[in-house]
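Asks:
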Ligand code: SAH
């Protein structure tokens, strides 16, 4: 039996999906945040349960080979789970997670080296800082809504530090209160910053529970417009309870409604509410790999399923006869259509609806694909969709996945239905976190 306060000496053998170390004590798992596979640690039990325990890391007795110094002074922040693992070890870990997921399903295929970043810092183009009374501006601690004040975040754009400092000072000077979650009172809830990595344009969205006075807003704008690259200052009114950051009530206080950015050769307009890939440099790497695996000659009809704002469709279009993008969210479909026009690409059509239904419908109407690309959410593809694809028999299927487990499940299904898993390559979209992105290719003989 575990006891709270008990001191344990543990050998950590693996990580949970959330990045906590897992060790075994008397045959039962002990979870230790901040411990890495290969570490020998001393930890103190903080939660004792009959079947498992949680323990707090006290001391590393013998470090894992990939252990490094923490790159960030904000030790309590829950943002980067792999911050004490060096980047080479992180990449090896992620490739290993993909291999393990495939192996668990009895799948065997060539797995490429992970496509990692040469500079795995400051890669995010969107920061969503929470604001709490103080005013404190930062990110939440692991598994909680306890705010950790952040001075400078190594994965966000450096300019975000300047912006949060300006907002903090503005709140003090203008006596604009932070939102108080417990009492559901006060004003400022979040500060969102988006930056066009290639355009250098910046957007700030101040999320408030109630409208600040017009003079106070004018004073905020006056401070923000001096930040180099500032292109858009927006106010979002969100008085609703819950964890949703933005509401639909967004208005421009100053500048443009959107900022622009480029991915490869393509231009995109990004509004406060639109979805856009978070790590644009790695997105290009991911999409280029997907286009390479699609091996298009210019004559093919292609389906891009779960197409979002149409980015993959537009990357594929110059190499195909026609691309059909299918996406569930109507706003994303509208963005995709706008993006096609903005880039002068005419051989794409976007369809709104669930991929599992729309593909079946298109297939019944006699529209079939030679090549299919899928990029589903974490839960993977719906079996109904896979059934239609098995009937349709495209020559190639490129599977972009954000979850090795659902990829492996779908791969096992596809393998039993005439497709061959020809290879998979992990791509590191989110350094220092447990996220693993993969591009896999399925072929079929006929
Ligand atoms: N390919 C895009 C988006 C991938 S994210 C990109 O690279 O940016 C996954 C997308 O699938 C989201 O846009 C989500 O809205 C959409 N989605 C979720 N379930 C879906 C379904 N059943 N059918 C179609 N799209 C779906």
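Residue numbers (the working numbering): 1 to 446.
Just so you know, even glycine gets a beta-carbon here, dropped at the ideal spot from N, CA and C.
1) Given this structure, state the Cα-to-Cα distance separating residue 377 from residue 306, to the nearest angstrom.
2) Rounded to whole angstroms, what's the CA-CA distance from residue 318 to residue 282? Just pull it up for me.
3) Residue 71: beta carbon under 7 Å from a heavy atom of ligand 1?
4) Does the Cβ of residue 360 lie closer than 7 Å to at least one heavy atom of ligand 1?
5) Please classify residue 426: does DSSP put it in a helix, a strand, or coil?
6) Which residue spans inside the segment 382-424 form an unbroken beta strand (DSSP E) run of at least 3?
7) Count the other CB atoms within 10 Å of the CB of residue 388; is the residue buried (16 or more) or exposed (fewer)?
8) Look at the alpha carbon of residue 79 and the alpha carbon of residue 143, and state the distance between them as a whole number of angstroms.
9) Can you round the beta-carbon distance between residue 398 and residue 373 to whole angstroms, since I take them to be within the 8 Å contact cut?
10) So residue 107 and residue 321 are in contact, right, with Cβ under 8 Å, and what is the actual spacing, rounded?
11) Residue 443: which of 418, 431 and 433 sits nearest, CA to CA?
12) Using alpha carbons as the reference points, say which of 256, 363, 298 and 245 lies closest to residue 129.
13) State the Cα-Cα distance for the pair residue 65 and residue 84, rounded to the nearest angstrom.
14) Can you give me the C-alpha to C-alpha distance between residue 301 and residue 331, rounded to a whole angstrom?
15) Please determine, among 12, 425 and 161, the residue with the shortest C-alpha to C-alpha distance to residue 96.
16) Flag residue 275 as yes when its Cβ comes closer than 7 Å to any non-hydrogen atom of ligand 1, and as no otherwise.
17) May I ask you to check if the CB of residue 269 is nearer than 7 Å to at least one heavy atom of ligand 1?
18) Taking three-plus beta-carbon pairs below 8 Å as touching, is the segment 192-199 in contact with the segment 154-163?
19) Between the alpha carbons of residue 47 and residue 58, how many angstroms are there, rounded?
20) Considering Cα atoms alone, identify which of 445, 30 and 335 is closest to residue 260.
21) Bridge partners of residue 269, per DSSP?
22) In its own chain, which residues sit with a C-beta less than 7 Å from the C-beta of residue 312, not counting the 5 before and 5 after it?
23) May I ask you to report which of helix, strand or coil DSSP gives residue 203?
24) Taking 7 Å as the cut-off, is the CB of residue 329 close to at least one heavy atom of ligand 1?
25) Report the partner residues of residue 186 according to the DSSP bridge assignment.
26) How about the segment 233-250 and the segment 261-281: do they share at least three Cβ pairs that are nearer than 8 Å?
27) Taking buried to mean at least 16 other C-beta atoms within 10 Å of its own C-beta, is residue 90 buried or exposed?
28) Can you look up residue 113 in the DSSP assignment and give me helix, strand or coil?
Replies: A quick look at the data gives this:
1) Their Cα atoms are separated by approximately 8 Å.
2) Just so you know, the alpha carbons of residue 318 and residue 282 end up roughly 21 Å apart.
3) No, the Cβ of residue 71 stays beyond 7 Å of every heavy atom of ligand 1.
4) Not a single heavy atom of ligand 1 lies less than 7 Å from the C-beta of residue 360.
5) Strand, per DSSP.
6) Runs of the beta strand (DSSP E) inside the segment 382-424: 396-401.
7) Here residue 388 is buried: its Cβ has 16 or more other Cβ atoms, across all protein chains shown, within 10 Å.
8) If you take the alpha carbons of residue 79 and residue 143, they lie about 10 Å apart.
9) About 5 Å separates the two Cβ atoms, so the contact holds.
10) 32 Å between Cβ atoms; not a contact.
11) When the alpha-carbon of residue 443 is set against those of 418, 431 and 433, the nearest one is in 418.
12) Of the residues 256, 363, 298 and 245, the one whose Cα lies closest to the Cα of residue 129 is 245.
13) C-alpha separation (whole angstroms): 11 Å.
14) Distance between the alpha carbons of residue 301 and residue 331 is about 25 Å.
15) The shortest Cα separation from residue 96 among 12, 425 and 161 belongs to 425.
16) Yes, Cβ of residue 275 sits closer than 7 Å to a heavy atom of ligand 1.
17) No; taking the cut-off as 7 Å, the Cβ of residue 269 has no heavy atom of ligand 1 nearer than that.
18) At 8 Å Cβ cutoff, the stretches touch.
19) C-alpha separation (whole angstroms): 15 Å.
20) Just measuring C-alpha positions, the residue of 445, 30 and 335 sitting nearest residue 260 is 335.
21) Partner(s): 260.
22) Answer for residue 312: 287, 290, 304, 373 and 375, listed in chain order.
23) Residue 203: strand per DSSP, three-state reduction.
24) Flag set: Cβ of residue 329 near ligand 1.
25) According to DSSP, which records beta bridges pairwise, residue 186 is partnered with nothing at all.
26) Contact holds: three or more Cβ-Cβ distances are below 8 Å.
27) Sixteen is the threshold: when 16 or more other Cβ atoms of the shown chains lie within 10 Å of the Cβ of residue 90, as they do, the residue is buried.
28) In the structure shown, residue 113 adopts coil according to DSSP, grouped into three states.
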